[in-house]
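For the sequence shown, the positions run 1 to 941 when UniProt numbering is used.
Written out below as structure tokens is the structure these notes cover.
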Amino acid sequence: MPVSLVSNVVSQLTNLLVQEAAFLRGVNNQIKCVETELRLLQDFLKDADAGRKRGDERMESWIREIREVAYEVEDIIDRVKFMAERQRQRGFMDTISRQIDWVKTQLQQLQGFLKDADSRRKRGDATMESWITQMRGVANEMEDYQNEQIKIKIESISDSTVRYNLVNPGQSSAVDESWQSLRESSPHSDDDDTDVVGFENDKKKLVSRLLDENEKARRVISIVGMGGLGKTTLARKVYNDPAIREHFDTFAWVSVSQSYRGIELVKDIMKKVMGIKQRKGDLAQQMGEEDVRQMLRDFLRDKMYLVVMDDVWRVDVWREMQRVFPDENRGSRILLTTRNIEVAKDAEPWIPPHELHLLDDTESWKLFRRKALPPNQDVPAELEALAQKLAKKCGGLPLALVVLGGLLSRKDPSYDTWLKVAQSMNWVSTRDGKECHNILGLSYSDLPYPLKPCFLYIAAFPEDSIISVSTLVRLWVAEGFILQEQRQTMEGTARDWLDELVQRCMIQVVERSMSRGLVKSICIHDLLRDFGLEDAKKDEFLHVCSSEDVGVSDRISSHRAAFYNRINDEAAVFSRHLRTLLGFSLSLTSGGRFLNGLNLVRVLDLEGTRDLKELPEQIGRMIHLRYLGLGRTGLKRLPSSIRHLLNLQTLDVRHTRIYWLPKSFWKIRSLRHVYINTYMFLSALMSGERKNLQTLEIEEFEFHMEDMDIVRLLGIRFIKKWATTPDFTREAIDKACDTMFAESLGKALEKMDSLVSFTLSLPGRIIPGDVLFARAPKLHQVRSLTLHGRLLLKQQQQLLDSSQLPLNLTKLKLSYSLLEQDPMPALEKLSNLRFLQLLLRAYVGKSMLCSTGGFPRLRYLILFDLQNLEEWRVEVGAMPNLTHLTINWCPKLKMLPKGLQQVTTLRELKLIQMPRYFNDKVRNEVRHIPSIIFQDEIDQR
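Encoded structure:
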């Protein structure tokens with residue numbers, strides 16, 4: 001961990017020289033010298049990190065001190081960047097000589113310290129104790145923000161290589177492999193585990209029990225087994241089986257875990273079985289407990305439902321939850337996974353649970369080989385005996401086999417290399433999980449240094465969480481874990497690193513995007529998460545505070561803290577060194593006062609904290625802040641001081657009542673991802689450079705605003721538009737807002753060369769199509785475009801031609817567009833389009849045509865709620881790569897296009913809420929599609 005931290009500091013110093021050359025003129029040589037000294041220190045830290053595993057307490061102290069120094073250097077770098085940016089905005093770069101002189105003096109002192117440390121390291125005459133004494137005695141506190149001064153504190157460092165027998169630079173342990181070579185090697189394992197080794201018979205038995213037509217009563221079927229056996233993986237395969245999806249009316253998958261809360265579980269099930277979207281889901285959050293339970297019972301009463309309750313630990317869970325699952329003799333089922341057989345017996349005493357067992361040697365070898373070697377490759381003769389021995393040593397535990405196989409998949413497939421791995425572990429069989437723990441430890445140690453903090457960070461999320469990769473990537477970037485590369489964005493690099501963790505089987509893929517196949521969401525096995533938490537706490541990297549452990553001040557020595565359910569004010573007040581504060585389902589007792597004094601915070605994520613009604617004005621002092629996540633909070637306003645957050649990268653205020661941004665907000669040049677609503681967008685005209693902005697999402701304001709509040713918010717610009725209308729009705733106000741929005745959008749899109757994802761979610765408003773599409777061709781980097789709202793075009797509902805769309809578009813979603821002319825002739829010319837979704841009256845015409853050669857790369861097509869569509873023709877040669885087609889609630893569509901018979905790539909057809917006569921035609925006439933799924937069939941007579 002300290003290695004990656006120092007490495008990031010070195011990288012930041014290098015970038016600082018490039019980015020702030022004008023501000024730092026006169027001191028760039030000193031910074032380069034400091035960078036050189038830190039690079040030398042970095043090499044020795046690699047060996048120290050390996051040596052610390054031997055349990056040397058003095059080495060731990062030494063590394064702890066180095067870590068604190070590196071954190072402080074990071075603070076200095078951020079402070080310099082902040083000052084440079086502020087001076088740039090004020091426009092007087094030539095008035096900063098006093099600050100530069102101070103930086104120069106401090107850098108000279110720093111260089112002297114490091115050179116002295118290196119000299120004494122070479123002589124080997126410094127003891128660890130004297131070094132630590134000097135470390136603690138040299139500096140004053142680094143903070144005088146009011147005077148805008150920077151005090152750089154780096155203490156004299158002696159490596160004590162003789163005393164601690166550290167090897168020379170360049171001779172680090174074999175664990176430190178070349179990161180670049182790992183990056184260039186191609187993944188070859190099936191990370192999604194689509195064919196689960198050893199579970200084929202288990203899956204068949206469970207599917208059969210769930211579909212048993214002779215058993216009409218509601219039944220609980222349990223999967224029981226120790227951690228790492230694959231209970232969740234098996235349950236997921238059963239849950240997604242086509243026969244299961246067609247049989248039941250409605251579905252829900254919920255993760256229970258050890259720290260479950262009954263009412264939250266009920267709300268989660270209700271949202272899933274009822275298909276409740278975000279806004280209605282928020283209303284459910286505000287309902288009383290008994291009201292929620294009654295609503296769920298009433299909804300399920302006439303349904304044949306399947307609910308999976310994953311990872312149940314205690315018998316009282318089912319005792320509490322069974323009341324919400326009505327038994328109306330419709331064949332409903334509860335599928336439950338647990339490590340505790342008593343849980344299964346208590347839930348359904350007269351039905352034996354399905355017990356998973358360890359894999360036998362043949363199954364173990366099959367799974368290990370799949371993960372460790374490329375598909376269809378024979379095991380090298382020299383490796384076979386050793387490989388089988390390694391597989392057997394895993395004791396038949398699938399998790400151990402998968403993780404060890406993932407580790408070896410990144411190694412050279414040679415006998416000597418694999419033998420080193422075998423010799424690096426204590427293979428004494430203990431039958432208490434130690435073997436698996438040892439394998440997890442080895443796999444973590446083998447990670448390239450930049451990946452270690454990324455992996456540990458995942459452990460901050462609650463047990464059994466489904467983690468959004470886009471959110472995780474933004475957090476990694478904000479934390480400074482990701483190194484800037486010339487060939488791609490930091491977000492692109494982060495996704496490469498995430499793919500590496502997937503390849504090594506340290507995390508599991510839950511879902512991939514349909515457009516490009518990128519990992520969309522992940523989860524982490526309980527045992528891997530427990531290991532990560534243990535190592536993160538030991539390194540003071542991360543501390544998790546649950547509702548039972550509210551995190552009083554003396555327990556948080558880490559620089560990052562994750563709070564579950566509750567937060568104690570004292571934990572924040574006495575932990576002002578915190579750099580990260582993550583909140584999950586927080587309930588607050590004192591509003592946002594716990595944020596006061598946390599001036600070093602880089603990441604502040606309080607999403608879902610409904611009790612958060614106000615942010616303190618002091619948030620403007622968090623000049624290091626890069627990530628501000630406030631979605632689904634109770635906030636109604638942002639402090640004006642957020643304009644001072646000149647390092648901010650991500651602002652997320654989705655689904656809040658916030659309606660205003662300070663006018664200077666868009667002058668923050670570091671912004672990368674912004675999620676706001678229409679009134680916020682209108683209140684602050686975009687200005688300045690936006691070369692870093694990659695994501696912009698503007699949603700409709702979900703709450704009612706009084707007429708005069710709108711007038712006061714939007715000011716003179718709005719009044720001028722409003723005055724041109726014949727009256728002062730609400731309709732006139734909305735029309736004036738639409739006019740303002742069109743003008744603001746046009747100006748905003750002029751300088752967005754780096755924009756990758758653009759979303760306008762305005763189902764109740766007009767999307768100015770002519771303004772948008774006039775500038776869209778210049779958005780060369782845009783890959784994803786989502787438009788929810790009526791598209792207003794000059795030529796009454798005549799769709800633009802393809803030249804008016806971003807040429808590199810891979811994903812397009814249209815809904816509520818009310819297009820009267822067939823959009824397919826234009827859309828099919830988008831040569832890179834892989835995912836197309838037409839929803840909710842996106843098209844209101846009666847016929848569609850996909851012509852020969854159209855949609856050359858389209859893989860996923862979803863048609864939903866096109867209620868007027870009667871005829872759809874597909875010519876031979878259209879959509880040659882289509883793999884998945886979903887048709888949902890298109891009640892007038894007469895039949896599938898005959899041209900689809902020529903699309904040999906089509907693997908899955910989903911028909912949802914389609915008339916029975918339509919489905920019967922498909923059943924009788926369609927034979928070329930391997931998987932056809934019918935759901936919620938409508939009986940139209």
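From the three backbone atoms N, C-alpha and C, an ideal C-beta is built for every residue, glycine too.
- Rounded to the nearest angstrom, the Cβ distance from Leu869 to Lys892 is 6 Å, consistent with a contact under 8 Å.
- Of the other Cβ atoms in all chains shown, fewer than 16 fall within 10 Å of the Cβ of Thr852; this residue is therefore exposed.
- Secondary-structure assignment with DSSP links Trp872 through a beta bridge to Met848.
- For Trp318, the enclosing alpha helix (DSSP H) starts and ends at Val315 to Met321.
- When DSSP states are grouped into helix, strand and coil, Gly620 belongs to the helix group.
- When secondary structure is reduced to three states using DSSP, Glu511 falls in the strand class.
- Only buried fits His788, as 16 or more other CB atoms lie within 10 angstroms of its CB.
- Nearest C-alpha to Asp302 among Tyr816, Phe325, Ala344 and Val876: Phe325.
- Contact between the region 404-420 and the region 384-392 is established, with three or more Cβ pairs separated by less than 8 Å.
- Distance between Thr656 and Ser587, taken at the CA atoms: about 17 Å.
- Shown here for Arg841: same chain residues with a beta carbon closer than 8 Å to its own, the five before and five after excluded, namely Ser815, Tyr816, Ser817, Leu818, Asp865, Leu866 and Gln867 in chain order.
- Taking the Cα of Leu812 as reference, the smallest distance to any Cα among Thr759, Tyr627 and Glu72 is reached at Thr759.
- Leu419 counts as exposed, since fewer than 16 other C-beta atoms from the protein chains shown sit within 10 angstroms of its C-beta.
- Collapsing the DSSP output to three states places Thr759 in a strand.
- With a 10 Å radius around the Cβ and a threshold of 16 neighbouring Cβ atoms, Ile524 comes out buried.
- Within its own chain, the residues whose Cβ lies closer than 7 Å to the Cβ of Phe248, once the five positions on either side in sequence are excluded, are Met304, Tyr305 and Leu306, listed in chain order.
- Per DSSP, Gln294 is one residue of the alpha helix (DSSP H) stretching across Glu289 to Leu300.
- Only residues of its own chain outside the window of five on either side were considered, and among them Leu749 have a CB closer than 6 Å to the CB of Arg775, listed in chain order.
- Note on geometry: alpha-carbon atoms of Pro375 and Gly583 lie some 42 Å from one another.
- Taking the CA atoms as reference points, Ala70 sits about 51 Å from Glu200.
- One Cα belongs to Ser590, the other to Ala243, and the distance between them is close to 51 Å.
- The three-state reading of DSSP puts Lys520 in strand, counting E and B together.
- The beta carbon of Ser521 sits closer than 7 Å to those of Ile466, Ile467, Ser468, Val469, Val510 and Glu511, all from its chain and outside the five residues before and after it, given in chain order.
- At a cut-off of 4 residues, not a single continuous stretch assigned as alpha helix (DSSP H) sits fully inside the region 582-643.
- Between Ser443 and Val403, the CB-CB gap stays under 9 Å.
- Under DSSP, Pro915 forms a beta bridge with Ile938.
- In the DSSP assignment, Glu731 falls within the unbroken alpha helix (DSSP H) covering Arg730 to Ala748.
- For a cut-off of 8 Å, the C-beta gap from Val224 to Leu356 is around 7 Å, short enough to register as a contact.
- Counting along the chain, Thr695 sits inside the beta strand (DSSP E) bounded by residues Thr695 to Glu699.
- With a 10 Å radius around the Cβ and a threshold of 16 neighbouring Cβ atoms, Pro930 comes out exposed.
- The residues Leu615, Glu617 and Ile619, in chain order, have a CB closer than 6 Å to that of Pro639 in the same chain once the five nearest residues on each side in sequence are set aside.
- Here Lys894 is exposed. Its C-beta has fewer than 16 other C-beta atoms within 10 Å.
- Straight across, the Cα-Cα distance linking Arg64 with Arg560 is about 15 Å.
- Sorting Arg495, Tyr627 and Ala536 by C-alpha distance to the C-alpha of Leu581 places Tyr627 at the top.
- Burial is judged here by how many other beta carbons sit within 10 angstroms of a residue's own beta carbon; Val421 has at least 16 and is buried.
- The Cβ-Cβ distance between Phe251 and Val220 does not fall below 9 Å.
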